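Chains as they are written, first to last, in this note's numbering: chain A, 1 to 789; chain B, 1001 to 1254.
Quick reminder that beta carbons are idealized off the backbone N, C-alpha and C, glycines included.
Small disclaimer: the values here were computed from a predicted structure and weren't measured.
The next block holds one structure in the form of structure tokens; read it before the comments.
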């Protein structure tokens, strides 16, 4: 080993605290690149392979009804490679042993036809549906798993108003439904409430009145085809048949969610490493600059002996490389592990035939390369000054730093400042860039913490809003199908039931011009107290006596406002249409929904007093007895206890919160400690002489420490509030990135989260402070002062 | 305490050393051993010495003779290994860290070879740094005037010459009206002419304020300005002589 390398190793051992704290910051950056990048690559690679293999279509269109012969005209469009015509239907599904009826999207499949290769359905367990089968269905994996459905099980489904018994022959998935979402069913976020099913074309066609016809089409384009032109031609052909709004793959609901997730991962995968590696570069910069300053004479000696500039430069870059190397050793396995955990989280949400997390070598090289680049950039300034130091100059002490009066003093406000206060403020002002970078580092630490855990504040807020303000019943009872209003009396007769408030839930498609969305209209009495119209801020609004109340998100999606008239398509009435006026808009967190006064809703349906269920208030202490009795009432499909839902919600949050808060706090602490510890070490090194002078002059240890920590305190005091603001800003960005028609979340940050951010900065300051206090006590006045500057 | 020494001053600034006046410092059998790794260095060996109020003492010795060690122990910067040092009857060798800090704060002024000014504070503020924590200080302006730097108060150290910086250091050391002024090679980093300006300032402080002053130097000539010259070699006092007259620093040449 060369002598210079030995020097490097010994210096590193001596500086291990600083090097390790920088390595930890680098490790976080590398881990972020590897975790986000590997998850992203895994999803992307898996998706692309699946889309390719299963021939995921490029253009989609739905229409009212067209003869199968029209398919030939679609196939004739230049650029079209394959056309699959389908029959699509919606259904209300009663799942055995389960609550409220779920909604199903049934798509036809013709395994023998050549078009079966488009959006090819892959049967995971069981078998493909057969032509002559007895209402055989394949069930999508999401729905099947949510209800533990297996081949051999049966489902009762209402299709076009007729009750059918469906027999499950297999569990399947398709590239169209990687995410459990179908066009027009955007409101169902829960796989228990919404499922995809496939039936043989020869079975579903007659059931849905589509024999020899189709109402949905998927088109695969030839390589080089012009998508926009094809869509225009498809629209022109389908317009007479109720079509005319074909859309490309980018707008396909499932694909849009997958792509959105990839975009988010990419954004996080750039922002997080940028924060950590930026801070690491800054730390390497200040630590190396100081090292070069303290080793002026050594550098001069090396050069006097004939060492070349490049050798000296490489030597000093070595310190940065060491930090990156240590960061790599910690960061790569950490990132790979986090990435695999992350991929596990996606598995229930995104269904692929195979979904294996992989950390690619190029990604690791990229992470390490970017980190090394950050280190070299950080080291550059210091290395350049080391390389360019002339030997003779290095032997002389550096010229003393030139200070100036503070800005406030020049403006005439310096009167009341003590000399020690001036020292602190001037040294802060003396190196504005370093001070700013330190402030930014502390601010980022606080910001990362706020942005990392505010989601739990939001979840708690939403939970509290939903389960204590919006829903106030003890039990929600749903009937298997709509029943006469007197059914409520049966419920009221049960012992322990204190109040009964009936409701009616009606699945519909709301249409305004060419825009439409599927929702459920919930009807309840205007004087209901257990379920009310409550907005995002928790304010209750009166139910208008007539007309439809829709959420602001739905109003935006349909581009309608209060007083406008919309068309409501009633699925329960075979698609019968009604016109209804929008009476009010409700600013709700959950995206798409509608409400009506119960009587008005029944009139709209042309029904007498009919209800789907009721919200109940129970006498205190009658819980399980009343629930048992309710379950035995004929026609009751489900009894949902609000407390139970609230508890499972709370449990879900508390399971996640500990893990996430811990990880985020560690990340924030690594940043804050890295910045504050290195800042204090350098301040102590640069100002050791000053501090020793003060001790000689009779300043106590405490007074000297106060000066040293005063600077740190000034940085904390500037950085922390800035960090809280940065955190709030990041929270708004995250909320905007996640907002969709399904839901949006308010940016709601509690004092507790802000305090946690302040706490992390405080603890980091304390750790840095204790380390400094120890060094300060070991500071030898005599030795420092005897040496020339 | 500082007031108690005043009656001993004479008009000329010379001090009468009467046998019945107790010394400011009473050093007995003082020893100091440094451990540097496996090696033990005996810096001081059984030093006996008294310093009297108002005296200007020059400690002569080659580098490594132990003179700085002695000064550091007198100033409460270092602790002895054996023996005793009494300051106005109080034992410094048994004082704890807190007591030593208080001692430095109230009673001792230090001047070092390398000035050790705070670069971020002006000359005046460097002096104020001390007056702000003292019980009976002079005004910082007054201290600067005493070393002839009234006009340079608003300058930062980087804007002052070496000699000027050292005189600011002297002003800073005496602004608290210390009982003793300890100077470790105060002219070591300065040229001849500038060095004399600094020595004049030290001599003036000693004469006008009656501050007991000890100056360390390896420059034999400087001994001529002292009341007393003590020579130290290999950790021992090898000579202790009194000058008949003090030669003004202006008249020194080396």
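Pick out whichever of the options has its Cα sitting closest to the Cα of residue i.
i: residue 545 of chain A; options: A/452, A/598 and A/155; result: A/598
i: residue 247 of chain A; options: A/481, A/458, A/58 and A/521; result: A/58
i: residue 526 of chain A; options: A/510, A/512, A/504 and A/519; result: A/504
i: residue 134 of chain A; options: A/550, A/117, A/167 and A/232; result: A/167
i: residue 48 of chain A; options: A/108, A/178 and A/511; result: A/178
i: residue 1129 of chain B; options: B/1172, B/1091 and B/1026; result: B/1172
i: residue 700 of chain A; options: B/1116, B/1134 and B/1060; result: B/1134
i: residue 512 of chain A; options: A/468, A/561 and A/537; result: A/561
i: residue 102 of chain A; options: A/144, A/80 and A/207; result: A/144
i: residue 1109 of chain B; options: B/1098, B/1189, B/1215 and B/1235; result: B/1215
i: residue 704 of chain A; options: A/409, A/735, A/773 and A/716; result: A/773
i: residue 1273 of chain B; options: B/1196, B/1119, B/1047 and B/1022; result: Summary: the structure shown does not reach residue 1273 of chain B, with chain B confined to residues 1001 through 1254, and so no result is reported for it.
i: residue 710 of chain A; options: A/533, A/348, A/606 and A/676; result: A/676
i: residue 777 of chain A; options: A/763, A/695 and A/417; result: A/695
i: residue 44 of chain A; options: A/112, A/255 and A/270; result: A/255
i: residue 646 of chain A; options: A/689, A/460 and A/414; result: A/460
i: residue 1232 of chain B; options: B/1127, B/1068 and B/1185; result: B/1068
i: residue 612 of chain A; options: A/751, A/520, A/61 and A/680; result: A/520
In the structure shown, what three-state DSSP assignment does residue i receive?
i: residue 1134 of chain B; result: coil
i: residue 187 of chain A; result: Annotation note: pLDDT 47 at residue 187 of chain A (below 50); position unreliable, no value reported.
i: residue 782 of chain A; result: helix
i: residue 1063 of chain B; result: coil
i: residue 651 of chain A; result: helix
i: residue 49 of chain A; result: helix
i: residue 541 of chain A; result: strand
i: residue 1124 of chain B; result: helix
i: residue 1019 of chain B; result: At residue 1019 of chain B the pLDDT is 46, less than 50, meaning the model places this residue with poor confidence; the figure from the coordinates comes in the next sentence. The answer is coil: DSSP assigns residue 1019 of chain B none of H, G, I, E or B.
i: residue 61 of chain A; result: strand
i: residue 1026 of chain B; result: strand
i: residue 357 of chain A; result: coil
i: residue 689 of chain A; result: helix
i: residue 122 of chain A; result: strand
i: residue 411 of chain A; result: coil
i: residue 349 of chain A; result: coil
Tell me where the alpha helix (DSSP H) around residue i begins and ends.
i: residue 762 of chain A; result: 751 to 778
i: residue 604 of chain A; result: 598 to 605
i: residue 1166 of chain B; result: 1162 to 1174
i: residue 422 of chain A; result: 419 to 430
i: residue 822 of chain A; result: Within the shown structure, residues of chain A are numbered from 1 to 789, placing residue 822 of chain A beyond reach of any answer.
i: residue 202 of chain A; result: 201 to 207
i: residue 615 of chain A; result: Note, residue 615 of chain A: premise wrong, no alpha helix (DSSP H); beta strand (DSSP E) at 610 to 618.
i: residue 5 of chain A; result: 3 to 14
i: residue 1145 of chain B; result: 1140 to 1146
i: residue 1103 of chain B; result: 1097 to 1107
i: residue 365 of chain A; result: 361 to 388
i: residue 289 of chain A; result: 253 to 294
i: residue 1202 of chain B; result: 1192 to 1209
i: residue 75 of chain A; result: 70 to 75
Where does the unbroken beta strand (DSSP E) through residue i begin, and where does it stop?
i: residue 136 of chain A; result: 136 to 140
i: residue 237 of chain A; result: It is not in any beta strand (DSSP E) - residue 237 of chain A instead sits in the alpha helix (DSSP H) that spans 227 to 238.
i: residue 165 of chain A; result: 162 to 173
i: residue 502 of chain A; result: 497 to 512
i: residue 1215 of chain B; result: 1212 to 1217
i: residue 567 of chain A; result: 565 to 570
Pop quiz: residue i and residue j are said to be a contact at Cβ under 8 Å. What is the actual Cβ separation, rounded to whole angstroms?
i: residue 219 of chain A; j: residue 87 of chain A; result: Between residue 87 of chain A and residue 219 of chain A the Cβ distance is about 16 Å, and since that is not below 8 Å, they are no contact.
i: residue 1174 of chain B; j: residue 1209 of chain B; result: 7 Å
i: residue 93 of chain A; j: residue 157 of chain A; result: 5 Å
i: residue 181 of chain A; j: residue 106 of chain A; result: Not a contact, Cβ separation roughly 15 Å.
i: residue 428 of chain A; j: residue 764 of chain A; result: At roughly 19 Å, the Cβ-Cβ gap does not stay under 8 Å, so residue 428 of chain A and residue 764 of chain A are not in contact.
i: residue 1107 of chain B; j: residue 1047 of chain B; result: So it is not a contact: roughly 21 Å between Cβ atoms.
Pairing CB atoms from the region 1149 to 1164 of chain B with CB atoms from the region 381 to 398 of chain A, are three or more of them under 8 Å? With the cut-off at 8 Å, the region 1149 to 1164 of chain B and the region 381 to 398 of chain A do not touch.
On the three-pair Cβ rule with 8 Å, is the region 311 to 330 of chain A touching the region 344 to 351 of chain A? Touching, no, given that fewer than three Cβ pairs across the two stretches are closer than 8 Å.
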